[in-house]
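Engineer: In my numbering, the protein residues as written are 238 to 440.
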Amino acid sequence: MSGEEEPGPPASSATPDAVRAAKTAARRAAFARRAAAHAEAPDDACAPLIEALAAHRGRPLSGYMPIRTEIDPRPAMALAARHGSVGVPVIRAKGAPLDFHLWTPDTPMVPGPFGAMVPREPRPMTPEVLIVPLAAFTRAGFRLGYGGGFYDRTLAALRARGPVLAIGFAYAAQETETLPLEPFDAPLDLVVTETEVILPSPS
238 MSGEEEPGPP ASSATPDAVR AAKTAARRAA FARRAAAHAE APDDACAPLI
288 EALAAHRGRP LSGYMPIRTE IDPRPAMALA ARHGSVGVPV IRAKGAPLDF
338 HLWTPDTPMV PGPFGAMVPR EPRPMTPEVL IVPLAAFTRA GFRLGYGGGF
388 YDRTLAALRA RGPVLAIGFA YAAQETETLP LEPFDAPLDL VVTETEVILP
438 SPS
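#1: Just to confirm my understanding: we take V434, look at its own chain, exclude 5 residues before and 5 after, and list those with CB closer than 6 angstroms. What are they?
#2: One question on the structure: do G324 and F337 come within less than 8 angstroms of each other, judged by their Cβ atoms?
#3: What's the call for G332, buried or exposed, on a 16-neighbour Cβ count within 10 Å?
#4: Using a Cβ-Cβ cut-off of 8 angstroms (strictly less than) and excluding sequence neighbours within five positions of R360, which residues of its own chain qualify?
#5: Counting C-beta neighbours from all protein chains within 10 Å, is the total for S438 16 or more, i.e. buried, or is it exposed?
#6: Between the alpha carbons of P253 and M314, how many angstroms are there, rounded?
#7: Quick one: using the 10 Å Cβ neighbour count with 16 as the cut-off for buried, is G405 buried or exposed?
#8: State the DSSP-derived secondary structure class of F406, mapped to helix, strand or coil.
#9: Answer yes if the segment 302-318 comes into contact with the segment 385-400, meaning at least three C-beta pairs across the two stretches below 8 angstroms, and no otherwise.
#10: Please classify P345: is it buried, with 16 or more other beta-carbons within 10 angstroms of its beta-carbon, or exposed?
#11: Spatial neighbours of A410 within its chain, please: C-beta separation below 6 angstroms, excluding the five flanking residues on both sides.
#12: Rounded to a whole number of angstroms, what is the C-alpha to C-alpha distance between T430 and A407?
#13: When DSSP labels each residue in this structure, what does V428 get in the three-state scheme?
#14: At 4 residues or longer, what runs of the alpha helix (DSSP H) sit wholly inside the segment 250-320?
#15: Would you decide whether F421 is buried or exposed? Buried here means 16 or more other CB atoms lie within 10 Å of its CB.
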């Protein structure tokens, strides 16, 4: 999908308020499934992500600092940092795209907005590959986030500038058959779970 016009989510006749209410309910159910999966997570949960990233070694990569019961991408990020630049997202302001600051396993970190850790010393970078956290996903590559729209705005801005690969990383239990979607919801190029790598097929 990267570098081409991104297909939007399927059209819906539901009102914006109804879609938002459906997203809230879907998010609540997804968080419960994620918490249960996190409690049983295998030690090698990151192995499929490491495998998926091997083909993109050396490209600027953004990961994320896991919070609550998010699946942990840091083993893959640490390996990628041996071969190229790795960053983590930093919230600039409500309604704005994310910024990205350079990270290594030894980077001093401090608490940032919403509880995620961020580098103490900001060193901006621009990723070409993004590991994207999520609440729920479908096999068509659509993602339910946390409601702030940060990754939707970020992916739209980055994709307007050039090819970008967005990889959703989640537990398999976070998969759902359908999601309530809005026109601005940005699709993923890959979805990786602790059990497989999913290449979304066009709907």
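Beta carbons are placed, not taken as given, at the ideal position from N, Cα and C, and that holds for glycine.
Structural biologist: Quick look at the numbers:
#1: Position 197 of the sequence shown holds residue 434. Contacts found: P285, A289.
#2: Working through the sequence shown from its first residue, we reach residue 324 at position 87. Working through the sequence shown from its first residue, we reach residue 337 at position 100. Result yes, Cβ atoms of G324 and F337 sit closer than 8 angstroms.
#3: Mapped onto the sequence shown, residue 332 falls at position 95. Its Cβ having fewer than 16 others within 10 Å, G332 is exposed.
#4: By 1-based counting over the sequence shown, the position of residue 360 is 123. Counting only Cβ-Cβ distances below 8 angstroms, and skipping sequence neighbours, we find H338, L339.
#5: Translated into the one-based positions of the sequence shown, residue 438 becomes position 201. Burial call: exposed.
#6: To locate residue 253, count along the sequence shown from 1; it is residue 16. To locate residue 314, count along the sequence shown from 1; it is residue 77. Distance between the alpha carbons of P253 and M314 is about 37 angstroms.
#7: Here residue 405 refers to the residue found at position 168 of the sequence shown. G405 is buried by the Cβ-count criterion.
#8: To locate residue 406, count along the sequence shown from 1; it is residue 169. Strand.
#9: no
#10: Numbered from 1 along the sequence shown, position 108 holds the residue referred to as residue 345. Answer is exposed; the Cβ neighbour count stays below 16.
#11: Indexing the sequence shown from 1 puts residue 410 at position 173. Excluding positions up to five away in sequence, the list reads R270, A274.
#12: Taking the first residue of the sequence shown as 1, we reach residue 430 at position 193. Taking the first residue of the sequence shown as 1, we reach residue 407 at position 170. Spanning the two alpha carbons is a distance of roughly 5 angstroms.
#13: If you number the sequence shown from 1, residue 428 lands on position 191. Of the three classes helix, strand and coil, the one that applies to V428 here is strand, per DSSP.
#14: 253-276, 284-290, 311-317
#15: What you label residue 421 is simply residue 184 of the sequence shown in a count that begins at 1. With fewer than 16 Cβ atoms within 10 Å of its Cβ, F421 is classed as exposed.
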